[in-house]
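Below is one structure, written out as structure tokens, with a few remarks after it.
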Amino acid sequence: MTNERRTLMDMVTGAQVAVALTVPIPRERMWDLVTAVDRIGEWSPEATGGSWCDGTQAPAPGARFIGRNRFPSGFESKVTCVVIEAERPGVFAWSVLDDADLVGSTWRYELREGGEPGSTLVHHSFTHGPGASGARADAEADPRMLDSRLVTLCRNMTTTISAMAAADSTMGAVR
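Residue numbers are given in this note's numbering: position 8 of the sequence shown equals residue -4, and the series is strictly consecutive.
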């Protein structure tokens, strides 16, 4: 491996973004939304859907699901994800695996009581792992692409949380 490639790998591995928003939804209800992998396509600008594997019905460490994404370029992908942490109603985290079962990225939601009754402070984070990914491939072609991808992820994460909150309020969820 060349020094240039090793430096690029180090630049991508560990790259991260995080957002925090307070939403007018109780933690238990927000937990139901962030763990509804089959509904993510309703809210995300990039993720088009997901489905639990092997008859799994609820998140638990070790459970797997398939995630589907569509990127602005039109490229579509299907990835295997494994839940690494699931503690209702506080934490839901998963890793996206590459074709060699290396961690391409880790995603995490932390849900805390918000400042107002019935609200939740949502922390959502992304950390790039050592595995293969579109972000890594783009950065290999042009290292400036990584910053652009991280900005897009941050925007999409914020949009997704906001859309979850809007959907919950328009559906008249029981609180």
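Positions of the beta carbon are idealized from the N, C-alpha and C atoms, including for glycine. This structure is a prediction, so every number in the text was calculated from the model and none was measured.
Pop quiz: Pro49 and Ile28 are said to be a contact at Cβ under 8 Å. What is the actual Cβ separation, rounded to whole angstroms? On the sequence shown, residue 49 is found 61 positions in, with the first residue counted as 1. On the sequence shown, residue 28 is found 40 positions in, with the first residue counted as 1. Taking C-beta atoms under 8 Å as the contact rule, Pro49 and Ile28 fail to qualify, at a distance of about 19 Å.
Just to confirm, is the Cβ distance from Arg52 to Cys69 under 8 Å? Within the sequence shown, the letter at position 64 stands for residue 52. Within the sequence shown, the letter at position 81 stands for residue 69. Going by C-beta atoms, Arg52 is nearer than 8 Å to Cys69.
Just list the residues that DSSP pairs Ile13 with in beta bridges. The residue given as residue 13 occupies position 25 in the sequence shown. According to DSSP, Ile13 bridges with nothing at all.
Ala35 - containing beta strand (DSSP E), residue span: Mapped onto the sequence shown, residue 35 falls at position 47. In this chain, the beta strand (DSSP E) harbouring Ala35 covers 35 to 40.
Own chain residues within Cβ distance below 6 Å of Pro33, not counting five before or after: Numbered from 1 along the sequence shown, position 45 holds the residue referred to as residue 33. Its chain contains Asn144, Thr147 as the residues whose beta carbon lies nearer than 6 Å to that of Pro33, once the 5 sequence neighbours on both sides are disregarded; these appear in chain order.
Would you say the region 124 to 136 touches the region 35 to 43, given that touching needs at least three Cβ pairs under 8 Å? Because the criterion of three Cβ pairs below 8 Å is not met, the region 124 to 136 and the region 35 to 43 do not touch.
Assign Ser136 to one of two classes, buried (16 or more other C-beta atoms within 10 Å of its C-beta) or exposed (fewer than that). The residue labelled residue 136 in the question sits at position 148 within the sequence shown. When all chains shown are included, Ser136 counts as exposed.
CB-CB under 6 Å to Arg124, same chain, minus the five flanking residues each way: which ones, in chain order? Taking the first residue of the sequence shown as 1, we reach residue 124 at position 136. Non-local C-beta neighbours of Arg124 in its own chain, meaning closer than 6 Å and more than five positions away in sequence, comprise Val0, ordered along the chain.
The alpha helix (DSSP H) enclosing Ala74, as first and last residue numbers: Taking the first residue of the sequence shown as 1, we reach residue 74 at position 86. Looking at the DSSP string, Ala74 is not in any alpha helix (DSSP H); the run it does join, the beta strand (DSSP E), is 64 to 75.
Take the Cβ of Gly117 as the centre, count every other Cβ of all protein chains shown within 10 Å, and call the residue buried at 16 or more, exposed below. Counted from its first residue, the sequence shown places residue 117 at position 129. By the 10 Å Cβ count, Gly117 comes out buried.
Residues of its chain near Gly2, where Cβ-Cβ distance is below 8 Å and the 5 sequence neighbours each way are ignored: Along the sequence shown, read from residue 1 onward, the residue named residue 2 stands at position 14. For Gly2, same chain residues with a beta-carbon under 8 Å away, outside a window of 5 residues either side, are Thr115, His116 in chain order.
Residues of its chain near Ala81, where Cβ-Cβ distance is below 6 Å and the 5 sequence neighbours each way are ignored: Position 93 of the sequence shown holds residue 81. Ile72, Glu73, Arg96.
Within 10 Å of its beta-carbon, does Arg(-6) have 16 or more other beta-carbons around it, so buried, or fewer, so exposed? Counted from its first residue, the sequence shown places residue -6 at position 6. In this predicted model, Arg(-6) has a pLDDT of only 47, less than 50, meaning its place in the structure is not dependable enough to derive any value.
Would you decide whether Gly103 is buried or exposed? Buried here means 16 or more other CB atoms lie within 10 Å of its CB. As a first step, residue 103 is located in the sequence shown; it is residue number 115 there, counting from the start. Exposed, since its Cβ has fewer than 16 Cβ neighbours within 10 Å.
Return the chain-ordered list of same chain residues with a C-beta closer than 8 Å to the C-beta of Ala120, the five sequence neighbours on each side being excluded. As a first step, residue 120 must be located in the sequence shown, where it is residue number 132. Asp86, Asp87, Ala88, Leu90, Gly92, listed in sequence order.
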